[in-house]
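Enquirer: Residue numbers (my numbering): 799 to 975.
For every residue, glycine included, the Cβ atom is placed at its ideal position computed from N, Cα and C.
Owing to the predicted nature of the structure, the values given are computational and were not obtained by experimental measurement.
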Amino acid sequence: MRHVITAVVVVAVEGYLYWRYRALGAEFHFWLHGLFGAAIGVAATTGWALLRRRRPAAVWGPGLAGHVYSAFPDALFLSAGILHALWMDAFAFHIALHLIPAPLVTMLGVFALTLLAWLAASLDRPRMAVAALVLAVGVTTVALLVAPAIPTTIEQIREVPEIALLCPLREVDVASW
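#1: Closest by CA to G845, which one among V944, P946, Q954, V935?
#2: Kindly indicate the opening and closing residues of the alpha helix (DSSP H) around L815.
#3: Cβ atoms of L881 and F875: under 9 Å apart, would you say?
#4: Among V802, E812, R853, which has the Cα closest to the Cα of L921?
#5: Report the option in A810, E812, A836 whose CA atom is closest to the CA atom of L906.
#6: Is L943 buried or exposed, if buried means 16 or more other CB atoms sit within 10 Å of its CB?
#7: Look at the alpha carbon of T804 and the alpha carbon of I898, and state the distance between them as a whole number of angstroms.
#8: How would you label F904, buried or exposed, when you count the other beta carbons within 10 angstroms and need 16 or more for buried?
#9: Check whether the region 847-865 touches the region 912-920, taking contact to mean three or more Cβ pairs, one atom from each stretch, closer than 8 Å.
#10: Out of H827, R956, A841, G823, which has the shortest C-alpha to C-alpha gap to L913?
#11: Any heavy atom of the ligand GDP closer than 8 Å to the CB of H827?
#12: Closer than 6 Å by C-beta to A915: which residues in its own chain qualify, once you throw out the five before and the five after it? Chain order, please.
#13: When you compare only the Cα positions, how much space is there between V809 and M799?
#14: Compute the distance between the beta-carbons of G839 and G861, then report whether it is under 9 Å.
#15: Classify I948 as helix, strand or coil using the three-state DSSP reduction.
#16: Any idea what DSSP makes of R956, helix, strand or coil?
The structure is reproduced here in structure tokens:
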């Protein structure tokens with residue numbers, strides 16, 4: 799019963815988050831941070847289970863926790879009007895993630911790899927689970943390494959539609975971020 803309640807809570811929270819992002823025309827950001835955040839939560843749960851040599855717990859809660867962690871800068875923006883800044887990359891590469899090649903496809907692949915790792919660990923296939931986790935980390939690392947540099951001026955930011963929500967309404971010096 800606990801798993802059913804957790805699943806209902808997760809679906810309700812995710813539905814609310816999607817509704818809020820959609821109201822801003824920012825579905826791209828919902829999916830980007832949701833997929834990567836959930837991947838972090840699933841990977842952490844799976845990795846912890848592998849270290850303890852146990853089967854991993856359900857992924858509902860950790861997936862939601864990862865999504866909330868990854869989207870925390872958006873919550874700051876929506877609730878307090880705090881503009882995005884480079885320090886927010888501490889929250890699951892919140893800024894840099896927008897610049898990787900094919901961000902949604904890449905993050906869907908990373909999320910799928912972490913789910914595969916979880917499934918393998920659940921089926922007592924630790925080597926396959928570790929391989930899937932290593933591959934997920936590898937894909938993320940390569941994507942971040944080949945991404946262009948993070949913009950440091952307003953003009954550069956406006957040239958990257960994926961991070962357009964970063965733009966303040968007035969001109970400011972963002973090089974100090």
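Expert: Concretely, from the data shown:
#1: Position 47 of the sequence shown, counted from the first residue, corresponds to residue 845. When each option's Cα is compared against that of G845, the closest is V935.
#2: Locating residue 815 in the sequence shown gives position 17, where the first residue counts as 1. First-last of the alpha helix (DSSP H) with L815: 800-821.
#3: Here residue 875 refers to the residue found at position 77 when the sequence shown is read from its first residue. Here residue 881 refers to the residue found at position 83 when the sequence shown is read from its first residue. For F875 and L881, yes; Cβs fall inside 9 Å.
#4: Residue numbering aside, residue 921 sits at position 123 when the sequence shown is read from its first letter. Comparing Cα-Cα distances from L921 to each of V802, E812, R853, the minimum goes to R853.
#5: Taking the first residue of the sequence shown as 1, we reach residue 906 at position 108. Comparing Cα positions, the closest option is A836.
#6: Position 145 of the sequence shown, counted from the first residue, corresponds to residue 943. With fewer than 16 other Cβ atoms within 10 Å, it is exposed.
#7: The residue labelled residue 804 in the question sits at position 6 within the sequence shown. The residue labelled residue 898 in the question sits at position 100 within the sequence shown. Each residue's alpha carbon lies about 32 Å from the other.
#8: Your numbering for residue 904 matches position 106 in the sequence shown. This sequence places Thr at residue 904; Phe is not what is there. T904 is buried by the Cβ-count criterion.
#9: yes
#10: Residue mapping note: residue 913 aligns to position 115 of the sequence shown, counting from 1. The shortest C-alpha separation from L913 is found at A841.
#11: Among the components of this structure there are no ligands whatsoever, and the ligand GDP is therefore not found.
#12: The sequence position of residue 915 within the sequence shown is 117, counting from 1. Closer than 6 Å at Cβ, skipping near neighbours: T844, A927, A930, L931.
#13: For the purposes of this step, residue 809 is identified with residue 11 of the sequence shown, where counting begins at 1. For the purposes of this step, residue 799 is identified with residue 1 of the sequence shown, where counting begins at 1. The alpha-carbon atoms of V809 and M799 are separated by roughly 15 Å.
#14: Looking up residue 839 in the sequence shown gives position 41. Looking up residue 861 in the sequence shown gives position 63. Taking 9 Å as the Cβ cut-off, G839 and G861 qualify as a contacting pair.
#15: Numbered from its first residue, the sequence shown carries residue 948 at position 150. Note: I948 maps to coil in three-state DSSP.
#16: As a first step, residue 956 must be located in the sequence shown, where it is residue number 158. Residue state, collapsed to three classes: helix.
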